[in-house]
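Residue 304 in numbering that gives the first Met the number 0 sits at position 305 of the sequence shown, and the numbers go up by one each step.
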Amino acid sequence: MMRINIKHILLGFICSLCLVGCDFLDYEENSYLIEEDVFTDFSRTKNFLTDIYGRLPVDFGTIDGAIRGAGVDEAEHLYTTSGVQKYNDGSWSAINVVDSRWSEYYGAIRAANKFLINIQGQEFEEEKYNDGYPEMMKQFNNYPFEARFLRAFFYFELVKRYGDIPLYDDVLTEEEANQIGKSSFDDVIDFIVSECTDVAEVLPENYSSMPNGETGRATKGAALALKARALLYAASPLHNQNNDLSKWKEAAKAAKEVLDMSYELEPSYAGVVNNRSSKELIFERRQGNSRSFEVNNFPIGVQGGKTSTCPTQNLVDAYEMLNGDVFDWSNPLHANSPYANRDPRLTQTILYNGSIWKGKSIQTFKGGLNAPPLTNATVTGYYLKKYLIESIDIPPHVTPTNKEHVWVIFRLGEMYLNYAEAMNEAYGSPELDPDSYGMTALAAVNAIRERAMMPDFPAGMSQEEFRTRLRNERRVELAFEDHRFWDVRRWKVGEETKDIYGVEIEQDNYGIKTYTKVLIESRIFDDQMNLYPIPQQELFVNPKLLPQNAGWE
């Protein structure tokens, strides 16, 4: 809810600077420390900002142990009791909410506002005569711009969910917060874009020259990437119903700003996963040594695995043949060997029958070691691979191991695809570059395909043909990175994603396998689901948030 207490951060003192695992705590007036004690002390000030970083998303939208991809046609979550299933059965509502980040993200925004107000003019008098003071202040002088970036990021997370939302940049009392009305989607996007433009002028491209070589913090590239993503969403059909081409042009221009920076595509697709030193990485959330993602997603039949995320046949079918042809179940050569000669990104993303995991072959044929009738076996015939760290060991029969996880928020591959989409929509052809950006939509998407070792898209495609293939390319390249759920909504194609398919595999006595595509679920999707409902409890305390989003009344 928007009524937010003002507590003091105590946990911040033990937060590491790698920005992992810290819960955000506001201030309490009755705490033994007052605000002045915090913002006149550099370490406490730094820890306050670190705790705001701690609200960044992790695990790509975890909802009751499920990633958000299980709420769209990327995956099926094994457990029917998970809240993510409400997306699929249509049972979510303003009262029965899913993934409600309203309170959490407005809490982070309020903290950023408080931070920005309280650090004005701070010089940390008690530190002035220390040898490290100049370097400390160099670091501190970035903090306001980092906080503004984080505030813009959380506003984007809210606006993409809810559309029109309250927008403010001051610390409000509870009474004031519960009397503020909604700003339009476009106004919120304008604020985000303006903030990102401003802070990008000051934030460093990297922190290699900063004291202690701190990494994982907001950079110029992160600000420009957020700006590019926000403008892409604003240009998309959900929020650009009149197809204002100027919005697509702005989105293309913003994405090109990022492409013109010093980031580089990783030589291999596998190199973008859990790689904090990747030159493709623009901004990420680092999670300290853990194994929870593996515990949730290792295949059943593998030590410690319990299965959660089951990739769909819908997604598997999206991976082209190695020669660029579309996979076709009616083609016997394809259907009899459905995983042979496919886009290499399939093997790097999904575990299918015959994949090697932990030194053993995955068996998802009926009666196989990782298949039904085993309890908690995959319901689609597939297991997740991307972002799982294979070297992690899970008890009970082994010594547990934990590893750092690096959850991508922005990477260069997305920026190429954002640019390609915006250019095609802005200029009506994938081969036009009338504003002389130096790259066509076709060239941008082919850069991604070349890295994946896939053939280029051919010249001569129409705008519509390119749009169809680009959307599929985006689906494959960004699989399980929390894009598909939002892309389906901003494109307004949810109706096309309702039927969810898996595969049944039977093996005869000679080891010959037969593969059958099967319908496993018909989901519910209505137009109002393109946006979240505003939580009913927020409407109770603040009637100025009315009207409720259309269809959720």
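We treat Cβ as the ideally placed atom computed from N, Cα and C, and that holds for glycine.
Since the model is a prediction, treat every value here as computed from it, not as a measurement.
- Secondary structure at E283: strand, using DSSP grouped into helix, strand and coil.
- The beta carbon of V201 lies closer than 6 Å to those of F144 in the same chain, with the five residues before and after it left out.
- P331 and R341 have their C-alpha atoms roughly 15 Å apart.
- Fully enclosed alpha helix (DSSP H) runs of no fewer than 4 residues occupy 312–317 of the segment 302–330, in order along the chain.
- DSSP lists R284 as the beta-bridge partner residues of W406.
- Apart from sequence neighbours up to five positions away, the residues of its chain that approach Y268 with a beta-carbon distance below 6 Å are R344, Q347, A451, ordered along the chain.
- Around the Cβ of N529, a 10 Å sphere holds 16 or more other Cβ atoms; the residue is buried.
- Counting only runs of 4+ residues, the alpha helix (DSSP H) found wholly inside the segment 33–61 occupies 34–38, 41–52, in chain order.
- The C-beta of L231 has 16 or more other C-beta atoms within 10 Å across all chains shown, which makes the residue buried.
- Assignment of H76 by DSSP, reduced to helix, strand and coil, places it in the strand class.
- Annotation: the continuous alpha helix (DSSP H) that includes G412 extends over 411–426.
- It is roughly 50 Å from the alpha-carbon of K181 to the alpha-carbon of N369.
- The beta carbons of W247 and A425 sit about 4 Å from each other, so the pair counts as a contact at 8 Å.
- For Y86, the enclosing alpha helix (DSSP H) starts and ends at 84–88.
- The Cβ atoms of M438 and V257 lie no closer than 9 Å to each other.
- For A339, the secondary structure class from DSSP, reduced to helix, strand or coil, is coil.
- Counting only unbroken stretches of 4 or more residues, the alpha helix (DSSP H) elements lying wholly within the segment 237–267 are 244–258, in sequence order.
- T44 counts as buried, since at least 16 other C-beta atoms from the protein chains shown sit within 10 angstroms of its C-beta.
- For I118, DSSP assigns no beta-bridge partner whatsoever.
- In this structure Y161 is in contact with Y531, their Cβ atoms being roughly 5 Å apart against a cut-off of 8 Å.
- In the DSSP assignment, T515 forms a beta bridge with E503.
- Between the alpha carbons of T39 and N46 lies a distance of about 12 Å.
- L368 sits in coil when the DSSP states are folded into three classes, being neither helix nor strand.
- By the Cβ neighbour-count rule, G380 is buried, with 16 or more other Cβ atoms within 10 Å of its own.
- A direct Cα-to-Cα measurement between G427 and L244 gives close to 10 Å.
- Judged by beta-carbon spacing, D72 lies within the 9 Å limit of T496, meaning their Cβ atoms are closer than that value.
- Around the beta-carbon of H404, 16 or more other beta-carbon atoms lie within 10 Å, marking it buried.
- When R489, K365, L545, A458 are compared, the shortest CA-CA separation from E505 is found for K365.
- Taking C-beta separations shorter than 7 Å and ignoring five residues to either side along the sequence, the partners of E156 in its chain run R100, Y104, following chain order.
- The C-beta of F539 has fewer than 16 other C-beta atoms within 10 Å across all chains shown, which makes the residue exposed.
- Closest in C-alpha terms to R410, from the list A221, I349, R285, comes A221.
- When the Cα atoms are used, E464 and A458 turn out to be separated by approximately 11 Å.
- For K384, no alpha helix (DSSP H) run applies, since DSSP gives it neither H nor E.
- Looking at the backbone, the Cα of N141 and that of F297 are separated by about 40 Å.
- With fewer than 16 other Cβ atoms inside 10 Å of its own Cβ, G120 counts as exposed.
- Secondary structure at K543: helix, using DSSP grouped into helix, strand and coil.
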